[in-house]
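Scroll down for the structure; my scribbles are underneath it.
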Amino acid sequence: MVFDLDLIRKTYSEMPAKIAAARQLLGKPLTLTEKILYTHLYGALPTVPFTRGKDYVDFAPDRVAMQDATAQMALLQFSTAGRDKVAVPSTVHCDHLIQAKVGAVTDLQIAKETNREVYDFLASISNKYGIGFWKPGAGIIHQVVLENYAFPGGMMIGTDSHTPNAGGLGMVAIGVGVPMR
Numbered sequence: 133m134v135f136d137l138d139l140i141r142k143t144y145s146e147m148p149a150k151i152a153a154a155r156q157l158l159g160k161p162l163t164l165t166e167k168i169l170y171t172h173l174y175g176a177l178p179t180v181p182f183t184r185g186k187d188y189v190d191f192a193p194d195r196v197a198m199q200d201a202t203a204q205m206a207l208l209q210f211s212t213a214g215r216d217k218v219a220v221p222s223t224v225h226c227d228h229l230i231q232a233k234v235g236a237v238t239d240l241q242i243a244k245e246t247n248r249e250v251y252d253f254l255a256s257i258s259n260k261y262g263i264g265f266w267k268p269g270a271g272i273i274h275q276v277v278l279e280n281y282a283f284p285g286g287m288m289i290g291t292d293s294h295t296p297n298a299g300g301l302g303m304v305a306i307g308v309g310v311p312m313r
């Protein structure tokens, strides 16, 4: 689902109480990043502040965005987890396997033919587990995420090195499982 207002409303309605509790725990004003991180904790607020660089923290992100080149293995692994659907709103974006060589129309057609099996698998498994599917040619993940899923105060995990672009809207957006360039 694009631009999930219910998710955004729920996030915003829970923020004030969670921020107040985190502020009391830490005994200081919070940065925007601290507010977002503490309002996205999975489970209860700890009884003592986290120690940066030492404590392991479980977060509950608002969204997961995957690109076609890395989603394949992630979704194969997910299919063995015994779940009926994803627990967090998720999307797959088919843009990374399209190579720019000749021109947009030709390059897209070549990618569709060359990667048909991959795209069919991603469409099928996305449908099975309730994952949004952005087919080849539907948009570049960097911009699609920014325009459709990013919102101030939210938290996103993505398998694209440009996932942090969503931070431009005041979101904590973390790229995971991607090589540094």
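If you read the sequence shown in my numbering, its first letter stands for residue 133, the second for the next number, and so on.
Every residue gets a Cβ at the ideal spot worked out from N, C-alpha and C, and that includes glycine.
Just so we're clear, the structure is a prediction, and the values are computed from it rather than from any experiment.
Excluding the 5 residues flanking it on each side, F182 has same chain C-beta neighbours closer than 7 Å at V189, in chain order. About 18 Å separates the beta carbon of M198 from that of A192, a gap too long to meet the 8 Å contact definition. In this structure, the CA atom of A154 is about 44 Å from the CA atom of I230. Across the structure, I168 and T143 are spaced so that their CA atoms are roughly 10 Å apart.
A176 and K150 have their alpha carbons spaced roughly 10 Å apart. In the three-state DSSP reduction, H228 falls in the coil class, being neither helix nor strand. Taking each of F283, H172, T291 in turn and checking the Cα distance to G300, the smallest one comes out for F283.
Counting the other CB atoms within 10 Å of its CB gives Y174 a total below 16, which places it among the exposed residues. Under the three-state reduction of DSSP output, M205 falls in the helix class. Secondary structure at S256: helix, using DSSP grouped into helix, strand and coil.
Q209 and M288 have their C-alpha atoms roughly 20 Å apart. Judged by DSSP in its simplified three-state form, S211 adopts coil rather than helix or strand.
Beyond the five residues adjoining it in sequence on each side, K267 comes within less than 8 Å, by CB distance, of C226, Y251, A255 in the same chain, given in chain order.
For the set E279, V308, D292, the Cα lying nearest the Cα of F135 is the one of E279. Sequence-distant Cβ neighbours of T171 in its own chain, meaning closer than 8 Å and more than five residues away, are T143, E146, M147, K150, I151, A154, G285. Non-local C-beta neighbours of G302 in its own chain, meaning closer than 7 Å and more than five positions away in sequence, comprise L164, P284, G285, ordered along the chain.
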